[in-house]
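In this text, residue positions in the sequence shown follow the numbering used here: the first is 10, and each later residue adds one. Backbone N, C-alpha and C define an ideal beta-carbon position, used for all residues, glycine too. Please read the structure below before turning to the comments.
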Amino acid sequence: MSNQAGTLYTPPSQVKVLAATSQLKGLMTIVRAKATPRADFIFYADRIIRLLVEEGLNHLPVIDKQVETPTGATYDGLSFQGRICGVSIMRAGEAMEQGLRECCRSVRIGKILIQRDEETHLPKLFYAKLPSDIASRYCLLLDPMLATGGSAMKAVEVLLDNNVPEENIIFLNLIASPEGIGAFVEKFPKVKIVVAEIDQGLDADKYIVPGCGDFGCRYFGTND
C-alpha cells in the first residue's frame with residue numbers, strides 16, 4: 010500500500026488499515042482540511058470513528074450460533090465470544106467514546122491520562138480509572154493519533170499491569186505514522202492496530218505530516 014506521501018509502505022501484519030474507499034477518502038479530506046469548521050470536523054470525525062469501531066469489533070473472537078427466524082426457518086449465524094470494554098487515552102481519545110457506545114450498548118469505558126514528565130521528557134501516567142474486571146475483557150484502546158507511539162505504549166503498559174492479556178488489546182486510531190507503528194509493534198507485537206490512514210511520517214517537531222493538526226483541540230474547541 011502507499012502512505013500519504015505516495016511512497017510504498019507495507020504495514021506489519023498486526024496493522025489493519027481501513028479500505029481506501031471514496032467514502033473514507035472524502036471523510037478524511039474534510040477532517041484534514043484546516044478550513045473545516047469545528048461542527049463539521051466533529052460530525053465527520055465521528056463517522057470515521059464509527060467505521061474504526063466496527064472494524065475493531067471484526068477482530069473479536071466469534072462462535073457459531075443458530076437462531077430461528079420469524080418465518081420458522083433456521084439461520085446459521087455467529088455470536089461474539091467474550092466481553093469488551095473501551096479505554097480512552099485522555100484527552101483526544103475521549104472523542105472516540107461516543108462512537109464506541111453507539112456500536113456497543115452499555116459498554117464500560119475506562120480512562121488513562123498520560124503526559125510528558127518535565128524532567129525526564131518521557132510519558133508518565135498521571136491518572137487511570139479502569140473497569141474492575143478489565144482483565145477478563147477484550148479492550149479497545151482509543152486514541153485518534155499515533156505519532157511517536159509514546160503515550161500509546163505507556164497506556165498498554167498500564168493495561169498489562171492490570172492483567173489484560175496483550176493479545177486482547179485492539180488499538181484504534183484515525184491517523185498513524187510509520188515511525189509510531191514501528192515502535193509500537195516492536196514493543197507490543199501481539200496488539201492489533203486498526204487505523205483509517207497511515208501518513209507520510211513525522212516532522213522535526215514530531216507532528217504527523219500531513220496529519221490533521223491537534224485532533225483534541227479541534228474536536229473539543231480549544232484551539233483558539
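Inter-residue Cα distance where the pair is residue i and residue j
| i | j | result |
| --- | --- | --- |
| ILE112 | ILE57 | Residue identity differs from the one stated: residue 112 is Cys in this sequence, not Ile. In a straight line, the C-alpha of CYS112 is about 13 Å away from that of ILE57. |
| VAL116 | ILE93 | 7 Å |
| TYR18 | LYS25 | 13 Å |
| ALA213 | LYS120 | 30 Å |
| ILE123 | ALA161 | 9 Å |
| ALA28 | GLN75 | 30 Å |
| ILE143 | ALA42 | 37 Å |
| ALA137 | GLY35 | 36 Å |
| SER22 | LEU211 | 22 Å |
| MET6 | ASN182 | Since the displayed the chain opens at 10 and closes at 233, residue 6 lies outside it and no answer follows. |
| PRO219 | MET154 | 12 Å |
| ALA185 | GLU77 | 43 Å |
| TYR228 | THR157 | 21 Å |
| ARG125 | ASP85 | 50 Å |
| ALA104 | LEU151 | 9 Å |
| ARG47 | ASP73 | 43 Å |
| LYS215 | ARG114 | 37 Å |
| PHE89 | GLU64 | 14 Å |
| GLY222 | LEU69 | 31 Å |
| ASN6 | VAL194 | Absent from the structure is residue 6, since the part of the chain shown begins at 10 and ends at 233. |
| GLY102 | LEU131 | 19 Å |
| ASP208 | ASP49 | 22 Å |
| LEU61 | THR38 | 16 Å |
| VAL167 | LYS196 | 14 Å |
| SER145 | GLY91 | 8 Å |
| ASN177 | LEU139 | 15 Å |
| ILE106 | GLY95 | For the record, residue 106 in the displayed sequence is Glu; it is not Ile. If you take the alpha carbons of GLU106 and GLY95, they lie about 8 Å apart. |
| ILE190 | LEU87 | 32 Å |
| LEU149 | ALA44 | 31 Å |
| LEU33 | GLU175 | 29 Å |
| VAL173 | VAL40 | 33 Å |
| THR231 | ASP55 | 18 Å |
| VAL71 | LYS133 | 36 Å |
| ALA164 | THR30 | 31 Å |
Residue i, enclosing alpha helix (DSSP H) - first and last residue
| i | result |
| --- | --- |
| LEU36 | 31-41 |
| GLU166 | 159-170 |
| ALA101 | Taken as a continuous stretch (DSSP letters only), ALA101 belongs to no alpha helix (DSSP H), as it is neither H nor E. |
Boundaries of the beta strand (DSSP E) in which residue i is found, first to last residue
| i | result |
| --- | --- |
| GLY86 | 83-89 |
| VAL62 | Where VAL62 is concerned, there is no enclosing beta strand (DSSP E), although the alpha helix (DSSP H) it sits in stretches over 47-66. |
| TYR136 | 132-138 |
| TYR147 | 146-151 |
| ASP73 | 71-77 |
Chain C within 8 Å of residue i, Cβ atoms only
| i | result |
| --- | --- |
| ARG100 | Checking the listed chains, one finds no chain C in this structure; it contains a single protein chain. |
DSSP beta-bridge partners of residue i
| i | result |
| --- | --- |
| ASN177 | According to DSSP, ASN177 bridges with nothing at all. |
| CYS94 | ARG117 and CYS148 |
| GLN124 | LYS133 |
| LEU155 | ALA185 |
Proximity test, residue i beta-carbon vs the ligand ATP heavy atom, cut-off 7 Å
| i | result |
| --- | --- |
| LYS133 | Ligands displayed in this structure: none; no statement on the ligand ATP is therefore possible. |
- Item | the region 197-213 / the region 70-85 touching (three or more Cβ pairs under 8 Å) | no
- Contained beta strand (DSSP E) runs [length at least 3] in the region 171-230, N- to C-terminal order: 178-185 and 201-207
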